[in-house]
Amino acid sequence: MSVATADGLTLAGRDRRFGLLLTAPGLLSLLIVITFPLFFTLYTSVHDYTLLTPNYDTFVGTENYQEALDEEYLPGSLWVTTKFVLASIVIEFIIGFAVALSLHATRRFGSIYYLILLAPLLINPVVVGLLWRMLLHSELGIVNYTIGLVGISPVSWLGDADVAFWTVVLTDIWHQVSFMAILLVAGLAALPREPYEAARMDGASTIRCFIHITLPLMRPVIAVAILLRLIFAIKTFDIIFIMTKGGPGTATDLISYYIYRAAFFGLDVGRASAMAAGLLVIILALTAYLYRYMNSLK
Amino acid sequence: MANIVLEGVTKVYGQDILAVDNIDLEIREGEFMVLLGPSGCGKSTTLRMIAGLEEVTSGNLKINGEIVNDVDPADRDLAVVFQNYALYPHMTVERNLAFGLKLRKTPQEVIDRRIRDTTTMLGIDNLLDRRPSELSGGQQQRVALGRALVRDPEAFLLDEPLSNLDAKLRAAMRTELIKIHRMLGKTVVHVTHDQVEAMTMGERICIMREGRIIQVGPPLDVYRHPADSFVAGFLASPPMNLLEGKLAGHHGVNEVDLSAISLPVPRHRRAPLRRHAGSEVVVGIRPEDVHTEEPAEGVHRRVDITVVAVEVLGPEVILVADLGSGQEISVRQGPTFEAVAGARIPLYIDLEQIHFFEAGSGLAILHGGASGPVRPELGSYLKEGGPEAPA
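The listed protein sequences derive, respectively, from chains F and L.
With my numbering, the residue at position 43 of the first sequence is 96, and numbering never jumps.
With my numbering, the residue at position 78 of the second sequence is 76, and numbering never jumps.
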């Protein structure tokens, strides 16, 4: 039975009111920094809002969305994004898993390896972009200088369309691979020891243990790690902005940079907002799937 | 069938954590050996060394006469049933059972036949398509047992396999394990901290403490002749009452002084005590060797006590009594016994059955009624733990 207090509220009710009071500032700031831009974008996406005529006088409905879909260069950007996401995640997963397995088996200096591994992840993406742009500079960069010492002619890391794509992929991998590795190593640490011992008694080799025990048992962690990286990779912007500005040509024109260009070079904020809303739907769908998947594991 | 011998086997973890300290033990072919002891006594480590899951730091481990210290676990032809079952969680019951056989390149028809025979024997043939997460604890336990049986190994190593089961299921599985052992006649090493399991299942019990073996022997032997006060206080429930006393009286052996009361030592029992005349001892009295009514036979001493508590268990009643001076004693009584806490009643302590242990080392000096006839109430105690108590 609930107990009423002097102000007519139950104890639980007072608790709730007090809790709401405490969280109000946080909720309010969340509302301002997340919900407001979100609705502002959605609102803008249904108006003819350009930087030349920055007003909401003309309601255009779904016209911006229609225009965005009809754009000549959008499919190209989507394709580049897909390639970028797949390449970086697949390579990050393979390297990350290998690193996680080695770290898991490491008995000494584990924390030192962790520190080294974590360092790139702690660097701001803008700094990562600047760092690699300088390292890979075709005339002044240390990479070209070093390979020049062994007689390899300089590579235009960011100027050649084919090379530039892989350059940004590798930069992203350098930056993010430890995220994958750390998630996976945490997963490995949480695996039960007993099935491995049972497998040893059954006569399973290390490789068989990996295939028949580690991989199946790690499936939930692997799925979560890949989905999280997928969500982040689709949104990649900073590295592109700093290193290539989407070029050369459209070789590294990822969707988020494409949207940025539509808004601030094409000046058509309404259309850019429509594309941003579309991207949001894709990421929301992935997030919802991730959330459901993680819930299904409980 | 395997004969397993440990010679001076020691296990040290890291630099200086001594888990098993120079133990010698022979587990005979076809024997059901129980390693019994409290948590951290080294019994599981010993089992894991036999299995090959832990390296032997020093000493020799022999299976069928061959030193196997460096032999891979898979090549020792032993099967382990783990405490947490250790089933492969993503495989069905059938694949769990088949996994080890497949790795050994057993022909499919042999695998099928063995799985059929084993699952029928264990009554899990209807669970073949299920995954471990879809099974109850008892069913998982059976699958784990089945995975060991299906391999048809030289010996079975059971690492507290019953400790995660509820009391009823545990009693049933005890019986079943004994049956299976009788049927297959294979060597079994069973690790447990449950003395009822040890008493009812083991052909021999090996009692361990702090990495050392304290005593090895058939359950009744160990029960009647505990090597020290630790063993005496570990076996049976309630265990032997251990009271601090001092040998006193004429020549220092005629009686034992328990501060509030003193118990005379019958003349014919005094000889072994002479070496300890006048010194401190631990007096062991089994709960069943104390009576509330004076028995017609035997030599008893009446003491008047205060009832502290009465635990009614159904088939028996445990009376906890204060001997005065704070020393408490548990007394086993029949189901009809009644008393209220605080009441003063007389107790009759059987002077022939009292055990004496050294005060410091706890080593046995004199066992109670050691040379006496087998007492029927002991047999009934054993049967109570499980219907299949070994002879």
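Backbone N, C-alpha and C define an ideal beta-carbon position, used for all residues, glycine too.
On a predicted model such as this, the values are computed, not experimentally measured, just so you know.
Which chain F residues are close to residue i, counting only those with a beta carbon under 7 Å from its beta carbon?
i                : result
HIS188 (chain L) : Within chain F, no residue comes near HIS188 (chain L); the closest Cβ sits about 16 Å away, beyond 7 Å.
LEU147 (chain L) : By Cβ distance, chain F contributes nothing, its closest Cβ being about 13 Å from LEU147 (chain L), past 7 Å.
ARG102 (chain L) : GLY256
ASN82 (chain L)  : GLU247
LEU88 (chain L)  : In the sequence as presented, Leu is not what sits at residue 88 (chain L); that position holds His. Correct list: PRO269 and LEU270.
GLY98 (chain L)  : ASP255 and GLY256
For residue i versus residue j, is the C-beta distance shorter than 9 Å?
i                : j                : result
MET254 (chain F) : LEU76 (chain L)  : yes
VAL143 (chain F) : VAL238 (chain F) : no
GLU125 (chain F) : ASP101 (chain F) : no
VAL313 (chain L) : PRO333 (chain L) : Strictly speaking, residue 313 (chain L) in this sequence is Pro, with Val absent from that position. The answer is yes: Cβ separation under 9 Å.
ALA304 (chain F) : ALA217 (chain F) : yes
LEU333 (chain F) : THR111 (chain F) : no
ASP348 (chain L) : HIS298 (chain L) : yes
ALA257 (chain F) : TYR118 (chain F) : no
ASP70 (chain L)  : GLY57 (chain L)  : no
PHE150 (chain F) : GLN229 (chain F) : no
PRO224 (chain L) : HIS88 (chain L)  : no
GLY322 (chain L) : ALA258 (chain L) : yes
LEU182 (chain L) : PRO159 (chain L) : no
PHE232 (chain L) : THR290 (chain L) : no
VAL305 (chain L) : ARG342 (chain L) : yes
TRP185 (chain F) : ASN197 (chain F) : no
LEU317 (chain L) : SER328 (chain L) : yes
ASN67 (chain L)  : VAL54 (chain L)  : yes
SER227 (chain L) : GLY98 (chain L)  : no
GLY366 (chain L) : GLY282 (chain L) : yes
ASP22 (chain L)  : VAL79 (chain L)  : no
ARG300 (chain L) : GLU309 (chain L) : no
ALA325 (chain F) : ALA338 (chain F) : no
Item to check | Segments of 3+ residues assigned as beta strand (DSSP E) that fall wholly inside the region 137 to 170 of chain L | outcome: Within the region 137 to 170 of chain L, the complete beta strand (DSSP E) runs of at least 3 residues are 153 to 157.
Next on the checklist: Going residue by residue through the region 237 to 278 of chain F, where are the continuous alpha helix (DSSP H) segments of at least 4 residues, counting only ones entirely within it?
Outcome noted: List check, alpha helix (DSSP H) in window: 247 to 255 and 259 to 262.
Next on the checklist: I'd like the ranges of any beta strand (DSSP E) spanning at least 3 consecutive residues and lying wholly in the region 258 to 310 of chain L.
Outcome noted: Correct list: 259 to 262, 278 to 283 and 298 to 310.
Next on the checklist: Using a Cβ-Cβ cutoff of 8 Å, what residues of the region 3 to 26 of chain L are near chain F? List them in chain order.
Outcome noted: So nothing in the stretch comes that close.
Checklist entry - For the region 248 to 269 of chain F, which residues have a beta carbon sitting closer than 8 Å to at least one beta carbon of chain L? => result Residues passing the 8 Å Cβ filter: PRO248, GLU250, ALA251, ALA252, ARG253, MET254, ASP255, GLY256, ALA257, ARG261, HIS265, ILE266 and PRO269.
Checklist entry - Just checking, does the region 289 to 303 of chain F make contact with the region 249 to 268 of chain F on the three C-beta pairs under 8 Å criterion? => result These segments do not touch.
Item to check | Inside the region 329 to 370 of chain L only - beta strand (DSSP E) runs reaching at least 3 residues | outcome: Listed in chain order, the complete beta strand (DSSP E) runs (minimum 3 residues) inside the region 329 to 370 of chain L are 342 to 348, 353 to 356 and 362 to 364.
Item to check | Touching by the beta-carbon criterion (3+ pairs, under 8 Å), the region 71 to 90 of chain F and the region 104 to 115 of chain F | outcome: Contact between the region 71 to 90 of chain F and the region 104 to 115 of chain F is absent: fewer than three C-beta pairs spanning the two stretches fall below 8 Å.
Checklist entry - So, do the region 82 to 102 of chain L and the region 123 to 136 of chain L have three or more beta carbon pairs nearer to each other than 8 Å? => result Contact between the region 82 to 102 of chain L and the region 123 to 136 of chain L is present: 3 or more CB-CB pairs across the two stretches fall below 8 Å.
Checklist entry - Taking the runs of the alpha helix (DSSP H) that are 4 residues or longer, which of them lie wholly in the region 219 to 263 of chain L? => result As far as the region 219 to 263 of chain L is concerned, its whole alpha helix (DSSP H) runs of at least 4 residues are 227 to 232.
Checklist entry - Residues in the region 54 to 78 of chain L with C-beta within 9 Å of chain F's C-beta atoms, listed in sequence order? => result Near chain F, meaning a CB-to-CB distance below 9 Å, the residues of the region 54 to 78 of chain L are ASP70, PRO71, ALA72, ASP73, ARG74, LEU76, ALA77 and VAL78.
Next on the checklist: Using a Cβ-Cβ cutoff of 7 Å, what residues of the region 37 to 50 of chain L are near chain F? List them in chain order.
Outcome noted: Among the residues of the region 37 to 50 of chain L, those with a Cβ less than 7 Å away from any Cβ of chain F are ALA49, in the order of the chain.
Next on the checklist: Suppose only complete runs of 3+ residues qualify. What are the beta strand (DSSP E) ranges in the region 54 to 105 of chain L, listed by chain order?
Outcome noted: The qualifying runs are 56 to 61 and 76 to 79.
Checklist entry - Should the region 24 to 34 of chain L be called in touch with the region 180 to 196 of chain L, which here means at least 3 C-beta pairs below 8 Å? => result Yes, they touch.
Next on the checklist: For the structure I just gave you, are there three or more beta carbon pairs, one from the region 9 to 25 of chain L and one from the region 207 to 221 of chain L, closer than 8 Å?
Outcome noted: Contact between the region 9 to 25 of chain L and the region 207 to 221 of chain L is present, because at least three Cβ pairs lie under 8 Å.
Item to check | the region 40 to 48 of chain L in contact with the region 146 to 160 of chain L per 3-pair CB rule at 8 Å | outcome: A contact exists between the region 40 to 48 of chain L and the region 146 to 160 of chain L.
Next on the checklist: With a threshold of 8 Å, are at least 3 pairs of Cβ atoms found where one atom belongs to the region 266 to 275 of chain F and the other to the region 316 to 326 of chain F?
Outcome noted: Inter-segment contact for the region 266 to 275 of chain F and the region 316 to 326 of chain F is absent: fewer than three beta-carbon pairs are separated by less than 8 Å.
Checklist entry - Curious, which full-length alpha helix (DSSP H) runs of at least 4 residues does the region 129 to 203 of chain F contain? => result Runs of the alpha helix (DSSP H) spanning 4 or more residues and lying entirely within the region 129 to 203 of chain F occur at 163 to 175, 178 to 188 and 195 to 202, in chain order.
Checklist entry - So, do the region 1 to 13 of chain L and the region 158 to 174 of chain L have three or more beta carbon pairs nearer to each other than 8 Å? => result The region 1 to 13 of chain L makes no contact with the region 158 to 174 of chain L: fewer than 3 CB pairs, one atom from each, lie closer than 8 Å.
Item to check | Inter-stretch contact (C-beta, 8 Å, three-pair minimum) for the region 193 to 201 of chain L and the region 113 to 122 of chain L | outcome: In this structure the region 193 to 201 of chain L does not lie against the region 113 to 122 of chain L, because fewer than three pairs of beta carbons, one per stretch, are closer than 8 Å.
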